[in-house]
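Before any comments, here is the structure.
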Amino acid sequence: MIGTVRKVYDNWFLSEPALHAMLCTHRVVENTDIACSVRTGSGKIEYNPNILEQMPYPLVEELFRIEVIRILLGHPYMRQPVGVARDVLTVASDITISNYYQFDDIDLDSARKHNLPSDKYYEWYAHELNGEDAPRDGDSDSKYGEGAQDTSPRPSMSSESPSPRSEQSELWCGDDMALAQIRMEASRITRWGSLPQPLVADIMASRGVKADYKQILAHFRQMTLSSHRRMTRMRPNRRTDLLQMGSIYQMQSRILVAVDTSGSISDAEISRFYGLIGNLFRRYSTVIDTVQFDVKLSSVVPLKRAPRCVTVTQRGGTSFQPIVDFSASCRDYDGIIVLTDGLAPQPSMMRRPHIPILWAIVPSGVQLPEWLLQSLHCILPTN
Numbered sequence: 197m198i199g200t201v202r203k204v205y206d207n208w209f210l211s212e213p214a215l216h217a218m219l220c221t222h223r224v225v226e227n228t229d230i231a232c233s234v235r236t237g238s239g240k241i242e243y244n245p246n247i248l249e250q251m252p253y254p255l256v257e258e259l260f261r262i263e264v265i266r267i268l269l270g271h272p273y274m275r276q277p278v279g280v281a282r283d284v285l286t287v288a289s290d291i292t293i294s295n296y297y298q299f300d301d302i303d304l305d306s307a308r309k310h311n312l313p314s315d316k317y318y319e320w321y322a323h324e325l326n327g328e329d330a331p332r333d334g335d336s337d338s339k340y341g342e343g344a345q346d347t348s349p350r351p352s353m354s355s356e357s358p359s360p361r362s363e364q365s366e367l368w369c370g371d372d373m374a375l376a377q378i379r380m381e382a383s384r385i386t387r388w389g390s391l392p393q394p395l396v397a398d399i400m401a402s403r404g405v406k407a408d409y410k411q412i413l414a415h416f417r418q419m420t421l422s423s424h425r426r427m428t429r430m431r432p433n434r435r436t437d438l439l440q441m442g443s444i445y446q447m448q449s450r451i452l453v454a455v456d457t458s459g460s461i462s463d464a465e466i467s468r469f470y471g472l473i474g475n476l477f478r479r480y481s482t483v484i485d486t487v488q489f490d491v492k493l494s495s496v497v498p499l500k501r502a503p504r505c506v507t508v509t510q511r512g513g514t515s516f517q518p519i520v521d522f523s524a525s526c527r528d529y530d531g532i533i534v535l536t537d538g539l540a541p542q543p544s545m546m547r548r549p550h551i552p553i554l555w556a557i558v559p560s561g562v563q564l565p566e567w568l569l570q571s572l573h574c575i576l577p578t579n
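197 is the number of the first residue of the sequence shown in the numbering used here; add one for each residue after it.
Pasting the structure below:
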């Protein structure tokens with residue numbers, strides 16, 4: 197069975213670059229306990245080898261294709277409609293996919309089969325199939341979409357044991373950060389293979405999703421955690437017992453915060469930058485250093501708490517090149533957060549930086565450039 201999955205990887209690498217790129221964002225793992233053949237969610241694609249080994253390769257390939265298209269559309273990571281059964285979520289997702297894509301070996305549920313229009317969207321189908329009044333296009337509704345609460349749908353009550361359809365969406369849960377990363381990866385795709393143009397247009401139009409900046413910053417801190425060793429007499433050494441000091445490994449992150457102090461940033465925004473970072477990381481084991489920049493970097497200053505008074509020494513133009521060059525050569529930090537308005541030319545990124553960069557952007561009323569939208573970024577609130 198592993199050979200069949202590997203064949204999907206290899207074939208998509210040559211013929212379906214978009215599907216291959218999205219497949220590589222998830223872990224593909226076996227799970228013999230699930231009743232469905234393949235399912236997606238929580239950063240992984242699970243498959244039951246006992247079911248798939250009885251299928252021909254074209255059918256297995258289409259099952260994986262369906263799940264990867266679900267990922268591209270964001271269904272496993274969108275805020276799920278409240279009170280909708282999981283098997284209904286699966287059918288709503290299938291209908292949405294069948295509106296774009298026709299499969300050769302699999303007969304997905306279609307809008308025509310359920311006497312529904314074929315120009316609606318995933319949440320609309322979920323509410324309609326659940327027997328609720330679906331909101332009109334463009335209307336806001338606290339039950340779904342951007343105003344939804346992060347509440348998992350209730351399980352299907354049609355049988356005592358979960359059905360394959362309900363198990364198919366069992367891992368689905370609202371995750372703004374994962375959704376933003378998927379759409380950021382999709383924005384980097386230039387070759388879409390056999391995916392139809394309407395589907396590609398919808399995926400590209402949805403890449404402007406706005407994840408909560410606190411979740412992105414917290415996820416970035418978790419991503420940059422590293423293990424730090426500390427010697428202590430309170431723990432015996434494994435080899436020499438009490439003759440030598442033992443070791444304690446503590447998970448900690450060391451982050452450099454680069455604050456844009458150019459002329460386009462107001463004094464109030466600079467003060468808010470410092471307060472934001474100090475409040476966000478005060479409860480975590482995180483070492484924070486700050487550096488100011490305009491067209492060059494200032495000296496690095498440790499930050500233990502939000503300062504009452506901020507001294508700004510540079511108020512010139514803006515260049516991100518010093519930050520990018522620093523990230524490519526420095527190994528003293530686990531990550532860099534750049535607080536800026538994004539108003540600067542694109543830096544030259546000749547090689548992959550050793551440490552990740554998160555661009556935290558305050559809205560300036562100017563559309564962000566393409567290279568910045570394709571980088572790991574978050575939009576800070578205006579107040």
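Even glycine gets a Cβ: it sits at the ideal position worked out from N, Cα and C.
Count the other CB atoms within 10 Å of the CB of residue i; is the residue buried (16 or more) or exposed (fewer)?
| i | result |
| --- | --- |
| Leu210 | exposed |
| Ile198 | exposed |
| Tyr253 | exposed |
| Ser365 | buried |
| Lys203 | exposed |
| His271 | buried |
| Asp305 | buried |
| Asn246 | exposed |
| Arg512 | In the sequence under discussion, the amino acid at residue 512 is Gly, which differs from the Arg named in the question. Under this definition Gly512 is an exposed residue. |
| Ala330 | Since pLDDT at Ala330 reaches only 43, below the 50 mark, its modelled position is unreliable, and no value is offered. |
| Leu325 | buried |
| Tyr321 | buried |
| Cys574 | buried |
| Thr236 | buried |
| Ala464 | exposed |
| Ile541 | In the sequence under discussion, the amino acid at residue 541 is Pro, which differs from the Ile named in the question. It is exposed - the Cβ of Pro541 has fewer than 16 other Cβ atoms within 10 Å. |
| Gly459 | exposed |
| Arg223 | exposed |
| Glu566 | exposed |
| Glu212 | buried |
| Gly531 | buried |
| Ser462 | exposed |
| Arg384 | exposed |
| Ser289 | buried |
Can residue i be considered in contact with the ligand FAD, in the sense that its beta carbon sits closer than 6 Å to one or more heavy atoms?
| i | result |
| --- | --- |
| Gln393 | Looking for the ligand FAD in the displayed structure turns up nothing, as the structure carries no ligands at all. |
Along the chain, where does the alpha helix (DSSP H) that runs through residue i open and close?
| i | result |
| --- | --- |
| Phe489 | Not the alpha helix (DSSP H): Phe489 falls in the beta strand (DSSP E), residues 482-489. |
| Pro518 | 517-525 |
| Lys203 | 198-211 |
| Leu569 | 566-569 |
| Ala382 | 372-384 |
| Pro360 | 360-364 |
Of the residues the options, which one's Cα is nearest the Cα of residue i?
| i | options | result |
| --- | --- | --- |
| Cys369 | Lys309, Glu324, Thr286, Val506 | Thr286 |
| Asp456 | Pro552, Ile557, Arg387 | Ile557 |
| Ser233 | Ala322, His323, Ser362, Trp320 | Ser362 |
| Thr536 | Lys240, His216, Ala307, Leu564 | Leu564 |
| Ser551 | Ile461, Val534, Gly512 | In the sequence under discussion, the amino acid at residue 551 is Ile, which differs from the Ser named in the question. Closest option to Ile551, Cα to Cα, is Val534. |
| Leu413 | Arg387, Ser449, Arg429, Asp437 | Ser449 |
| Val562 | Gln542, Gly538, Ser571 | Gly538 |
| Asp303 | Glu258, Ser238, Leu439 | Glu258 |
| His216 | Leu268, Val280, Arg434, Pro313 | Leu268 |
| Pro577 | Pro360, Gln393, Ile291, Lys410 | Lys410 |
| Arg379 | Ala288, Val520, Ile532, Met400 | Met400 |
| Ile451 | Met251, Pro498, Leu493 | Pro498 |
| Met251 | Ser462, Tyr318, Thr200 | Thr200 |
| Lys492 | Phe522, His323, Val483, Thr482 | Phe522 |
| Pro518 | Gly442, Lys240, Ala454, Ser443 | Ala454 |
| Val278 | His323, Tyr317, Arg434 | His323 |
| Trp555 | Leu248, Ala524, Val520, Tyr529 | Val520 |
In the DSSP assignment, find the unbroken beta strand (DSSP E) run with residue i in it and report its ends.
| i | result |
| --- | --- |
| Leu554 | 553-557 |
| Tyr243 | 240-243 |
| Thr536 | 531-536 |
| Ile575 | 573-575 |
| Pro498 | 497-499 |
Measure how close the beta-carbons of residue i and residue j come, nearest whole angstrom, since I'm counting them as under 8 Å.
| i | j | result |
| --- | --- | --- |
| Thr514 | Gln488 | The pair is not a contact, with the Cβ atoms about 12 Å apart (cut-off 8 Å). |
| Ile466 | Val506 | 6 Å |
| Ala374 | Tyr273 | 4 Å |
| Glu242 | Val256 | Not confirmed; about 14 Å, so no contact. |
| Ala307 | Ile291 | 5 Å |
| Leu572 | Ile553 | 7 Å |
With a threshold of 7 Å between beta carbons, is residue i in contact with chain C?
| i | result |
| --- | --- |
| Val287 | Among the chains in the structure shown there is no chain C, since it carries only a single protein chain. |
Complete runs of the beta strand (DSSP E) confined to the stretch 214-263 [at least 3 residues] = 223-226, 234-237, 240-243
With a floor of 4 residues, list each alpha helix (DSSP H) that falls wholly inside the stretch 265-328, ordered by position along the chain.
-> 282-296, 318-325
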